[in-house]
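Numbering (our numbering), first residue to last: 23 to 214. All C-beta atoms, glycine included, are put in the ideal place defined by N, C-alpha and C.
As structure tokens, this is what we get:
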């Protein structure tokens with residue numbers, strides 16, 4: 023690949039050949055905020071909360087939102103092109119928010135299928151923030167005790183405490199504002 027190829031605008035990502043050159047895609051997405059949503063329901067409150075957290079955390083809307091449910095049956099095996107593209111976007115992120123609703127005191131099986139696509143250490147220390155939503159504070163430790171360990175296993179750097187929000191008031195949560203004061207210190211600076 024030439025320097026001209028790497029200098030492509032981020033809008034050119036869609037112009038990559040169908041076979042995909044995922045390493046190039048990862049380079050083109052560098053410096054971006056990416057949100058991964060593991061809710062089985064498309065366009066969920068989990069997604070809305072994760073996008074809100076990303077925007078409040080970084081000051082801009084996330085450049086990519088991967089609603090894992092859209093990857094469908096490709097998650098059930100290995101080598102699916104849509105899954106490979108999603109992985110490349112995640113690996114190229116500067117800041118990553120991984121979000122899930124709380125199901126049975128942990129993150130969803132759907133999110134697990136996506137995270138299982140990554141090998142140990144494969145994220146290469148992408149700065150990652152774990153977020154889970156639930157109906158009550160009964161499972162407030164779930165993101166710290168269940169989601170964070172798997173993120174660290176696949177190579178995420180999780181410098182801030184995990185975040186748990188009630189799905190009924192995530193937009194006005196004082197917990198979010200308190201968390202942001204800590205988490206903002208860990209958002210990587212992006213050079214222009």
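Closest by CA to residue i, which one among the options?
{"i": "residue 111", "options": "95, 122, 148 and 128", "result": "148"}
{"i": "residue 96", "options": "122, 70, 139 and 80", "result": "139"}
{"i": "residue 67", "options": "123, 130 and 186", "result": "123"}
{"i": "residue 163", "options": "129, 86 and 208", "result": "129"}
{"i": "residue 155", "options": "55, 60 and 54", "result": "60"}
{"i": "residue 135", "options": "153, 102 and 127", "result": "102"}
{"i": "residue 117", "options": "165, 180, 131 and 161", "result": "180"}
{"i": "residue 173", "options": "72, 132, 55 and 151", "result": "151"}
{"i": "residue 195", "options": "119, 55 and 78", "result": "78"}
{"i": "residue 55", "options": "115, 126 and 153", "result": "115"}
{"i": "residue 109", "options": "178, 160 and 73", "result": "178"}
{"i": "residue 207", "options": "81, 191, 71 and 72", "result": "81"}
{"i": "residue 71", "options": "104, 85, 193 and 105", "result": "193"}
Once you ignore the five residues that flank residue i on each side, which residues in its own chain have a CB closer than 8 Å to its CB?
{"i": "residue 158", "result": "188"}
{"i": "residue 64", "result": "89, 91 and 92"}
{"i": "residue 176", "result": "137, 140, 141, 142, 143, 144 and 145"}
{"i": "residue 62", "result": "91, 130 and 132"}
{"i": "residue 203", "result": "none"}
Using the DSSP secondary-structure output, state which residues sit across from residue i in a beta bridge.
{"i": "residue 55", "result": "117"}
{"i": "residue 123", "result": "155"}
{"i": "residue 185", "result": "153"}
{"i": "residue 102", "result": "Paired residues: none, contrary to the question."}
{"i": "residue 89", "result": "59"}
Count the other CB atoms within 10 Å of the CB of residue i; is the residue buried (16 or more) or exposed (fewer)?
{"i": "residue 69", "result": "buried"}
{"i": "residue 52", "result": "Here the model assigns residue 52 a pLDDT of 49, short of 50, so the residue's position is not dependable and the matter cannot be decided."}
{"i": "residue 98", "result": "exposed"}
{"i": "residue 100", "result": "exposed"}
{"i": "residue 75", "result": "buried"}
{"i": "residue 168", "result": "buried"}
{"i": "residue 113", "result": "buried"}
{"i": "residue 171", "result": "exposed"}
{"i": "residue 211", "result": "exposed"}
Relative to the ligand GDP, is the shortest distance from any of its heavy atoms to the C-beta of residue i smaller than 7 Å?
{"i": "residue 88", "result": "The model depicted lacks the ligand GDP and carries no ligand whatsoever."}
Leaving aside the five residues before and after residue i along the sequence, list all residues of the same chain whose C-beta is less than 6 Å from its C-beta, in chain order.
{"i": "residue 215", "result": "The chain is shown from 23 up to 214; residue 215 falls before or after that span and cannot be answered."}
{"i": "residue 87", "result": "57"}
{"i": "residue 201", "result": "185"}
{"i": "residue 15", "result": "Examination of residue 15 is not possible in this model, given that the chain is present from 23 through 214 alone."}
{"i": "residue 161", "result": "124 and 127"}
Excluding sequence positions up to five away, which residues of its chain have a Cβ less than 7 Å from the Cβ of residue i?
{"i": "residue 205", "result": "79, 151 and 182"}
Residue ranges of each alpha helix (DSSP H) within the segment 125-181, 4 or longer: 131-137 and 170-175
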